[in-house]
Structure formats: C-alpha cells, structure tokens
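FYI, in the working numbering the residues of the sequence shown are 369 to 610.
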Amino acid sequence: MNSIQYEELCRLFIADKFELPIEEIQSVRIPNPKRADLPEYSHQIDLYWEDGNELASYLNIANAKWRGSDKVAQGEVLLLQKVKEKVAANKAVMINNIGFTKGAEAVAKDEGIALHIVCPNFDIAILDTNLKDRKVIQTQFQKLSTNDKPPYTYEVVHRAFDLGTEAETQSGVPNETASHSKGIRKTPMNRMAQPTSHQRVRPDTQKVQGGRGGPRTGGRGGAAQNRMGPPRGSGGGSNRRG
C-alpha cells in the first residue's frame, strides 16, 4: 500500500463515520494569508470536510500517514496543530496505521486533536503499489466493502470531539457517544458561510484531489474552481464540540 492508497482508505473511513458522501471529503491546497514583502506558500490538506447545521458551519482537517513501523511523533502533531491555526479549522485529526508516541498523545490531549489508528482490513498484497489513480483506488475499496465488513479497522486513541467527555479507547465498533456527531446534520443548509469583517477570505483555494467528486462552493456537488476559504474558527484547540 502506498501513501495515496492509504489516504483514500482514510477518506472512506471519514465519510463512513461522519455519514457524508465521499466526494465531500476533499483534498485541497489552502494559500497561507499573505503578508507584504514575504513569499507566498500554501498548506496541503490530506482530508478536508465541512459539517454543521443552520446555525453554524465547522471545518475539519485530517492528516493521513501510512507508516512502516514508526509511530507518529510529537513534532508531527504540533505541526498539524499549527496548520489547523493557519487555515482556521475547527477540528484536526491525525490518522496512521501504527500508533502514536507518548509525546504525540500528550500534545493531542493538550490541543484537542483527535488521534485514530486506521488499518486495512484485507491483504494489502492484492494492491498494486504503483497505482495512484484515486478513482480507481476508491472503486477497489468499494468492491472490498460490505455492510458488516468495511475495508478498514480502526481504533480511537483520543477522540477530542466531545464537550468535556473523553471516549475510551475502542477498536472497530463506534462508541455510544458517536451519535452526538451525527445529530448535527439534521437540517440541510448552505454550507458555505458568508464572511464577516473579521474573517479571512481566500479566493483561490485550490483542489488537489477529492475522491470521486469535484470541488464545491458550499452545497453538495458544487463545481467551482475558485472558492472562499473556511471561516475563521477558534484557531486553537478550545472550540470543542460533538
């Protein structure tokens, strides 16, 4: 399994657990707010999705890391936290297939970053490691998926989504509190919030890959090349929600 195949497996995992169409889990590049006389750069986001209701919209990012034997280290979680601040995301998730060091777990709990271990639930020898076409990869995973056996297993190391409630470590079966995150999507809404005077506007956020769907402007299935960036969240780990 290569890093792109693992990212697509994690895209499917996120889509399943948030009950979203897979095309709504995007991969994007978000330009960093530019300062005068400084060079431009952007932030590459592995997985990016919006959630919310008629009252508010929440932006989430995830970093998917396929590892051989090395656990995700403290510095990598700190970097994700910094990217979360830079792009004004509400929540950040670190996903890998091995685990996390004690330092990484400590940072995640301090900053409110979710940690998940996601592993293939099939023999990865069937995969062509030279394959990097995301649509073809997703088609393969869909064929491997059944109602009672998705193509992945998962373990929650640190949930970081509950308001003051820490879920116990679990493997493969959602915790009872997981329904809290599902209830927020009961009412359809225009998911692209209009900027206020204190929000950053990023008119040229670029789509890299987005599973089987294209980029969108706020509702499902939009097709604009340029879009407004995410509304400013708290910028830190204190804005916890379900």
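Cβ coordinates follow ideal geometry from the N, Cα and C atoms, glycine included.
Here V504 has no same chain residue with a Cβ atom under 7 Å from its own Cβ, once five neighbours each way along the sequence are excluded. Contact between L448 and A460 holds: CB atoms are separated by about 5 Å, below the 8 Å threshold. When only Cα atoms are considered, F386 and N421 end up about 14 Å apart.
The bridge partners DSSP lists for V440 are F468. A476 is the residue among A476, S371 and E375 whose C-alpha sits nearest the C-alpha of Q442. Collapsing the DSSP output to three states places T507 in a helix. Bounds of any beta strand (DSSP E) do not take in S513, whose DSSP letter is neither H nor E. Beta-bridge analysis with DSSP links T521 to C487.
Linking T507 to P519 through their CA atoms gives a straight-line distance of about 12 Å.
Distance from the CA of N458 to the CA of C378, rounded to the nearest whole angstrom, comes to 19 Å. The bridge partners DSSP lists for N400 come to none. With a cut-off of 8 Å on Cβ pairs, the stretch 472-488 is not in contact with the stretch 394-404, counting fewer than three such pairs. Residue environment for N464: buried (at least 16 other C-beta atoms within 10 angstroms of its C-beta). Boundaries of the beta strand (DSSP E) harbouring L415: S410 to G420, taken from the DSSP string.
Look at L427 here: in three-state DSSP terms it is strand. Boundaries for R527: no alpha helix (DSSP H) harbours it, and the DSSP string shows neither H nor E there.
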